[in-house]
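Worksheet: one structure, shown below.
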Amino acid sequence: MIIRRLFLLGAVMLLTACLPVLGSIPQPKITSIEVHKADRVLKLLSYGIPIRRYDIDLGSQPVGPKRERGDGKTPEGKYHITHVNTQSRFTLSLGINYPNEEDLRISTAAGVDPGDDIFVHGLPNGYGSAVPDWTNGCMAVGNAEIKEIVSLVKLGTPITIYP
Numbered sequence: 001m002i003i004r005r006l007f008l009l010g011a012v013m014l015l016t017a018c019l020p021v022l023g024s025i026p027q028p029k030i031t032s033i034e035v036h037k038a039d040r041v042l043k044l045l046s047y048g049i050p051i052r053r054y055d056i057d058l059g060s061q062p063v064g065p066k067r068e069r070g071d072g073k074t075p076e077g078k079y080h081i082t083h084v085n086t087q088s089r090f091t092l093s094l095g096i097n098y099p100n101e102e103d104l105r106i107s108t109a110a111g112v113d114p115g116d117d118i119f120v121h122g123l124p125n126g127y128g129s130a131v132p133d134w135t136n137g138c139m140a141v142g143n144a145e146i147k148e149i150v151s152l153v154k155l156g157t158p159i160t161i162y163p
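Take 1 as the starting number for the sequence shown in our numbering and just add one per residue.
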């Protein structure tokens with residue numbers, strides 16, 4: 001009986017000593033982001049392996065690529081994360097480099113303003129939810145999700161937005 005109690009006490013002490021180490025397990029490096037507009041999904045990948053998956057809302061006119069300011073569309077193509085906005089009206093946000101060179105070429109040829117300020121962001125400050133596809137072309141997740149995404153994604157991370 002005493003041996004059993006000593007064994008249990010030793011096991012508890014060993015596990016307690018390991019807890020700080022377990023809590024500091026490094027997160028996988030996020031090497032890319034994929035957005036699948038048709039599925040309303042954003043994925044964080046580490047060397048091609050999906051690590052996290054988030055449901056998203058898109059622009060108010062989600063079908064097709066963004067071509068001009070005010071069209072309510074979310075861009076499609078290859079971009080990268082440019083900055084973190086901690087003063088966002090949408091909790092936090094990650095900027096992407098829209099318009100890129102291809103977007104500028106297309107909009108210039110069409111004689112239209114391509115727009116700008118496309119982000120992955122949370123919900124509007126003070127709101128707990130939003131109607132589906134409510135953004136001006138951004139990709140929106142919940143507030144807990146954007147906090148996690150910002151903690152995992154580094155500047156320069158490529159983001160590919162698929163139809």
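C-beta atoms are modelled at their ideal positions from N, C-alpha and C, and glycine is treated no differently.
These figures come from a predicted structure and were not determined experimentally.
Check: Beta-carbon proximity list for residue 158, same chain, < 6 Å, skipping 5 on both sides; Outcome: 32, 80
Check: Separation of residue 73 from residue 58, as counted between CA atoms; Outcome: 8 Å
Check: Bridge-paired residues (DSSP) for residue 155; Outcome: Partner(s): none; residue 155 has no beta bridge.
Check: Status (buried if at least 16 other CB within 10 Å, exposed otherwise) for residue 146; Outcome: buried
Check: Through-space distance from residue 155 to residue 124, alpha-carbon basis; Outcome: 23 Å
Check: Buried or exposed (CB count within 10 angstroms, at least 16 for buried), residue 151; Outcome: exposed
Check: Nearest-angstrom Cα separation, counted from residue 55 out to residue 103; Outcome: 26 Å
Check: Beta strand (DSSP E) segments (min. 3 residues) lying fully within the stretch 85–141; Outcome: 93–96, 119–121
Check: Own chain, CB closer than 7 Å to residue 86, minus 5 neighbours either side, in chain order; Outcome: 92
Check: Residue 46 versus residue 149: straight-line alpha-carbon distance, rounded; Outcome: 13 Å
Check: Own chain, CB closer than 7 Å to residue 68, minus 5 neighbours either side, in chain order; Outcome: 107, 112, 113, 114, 115
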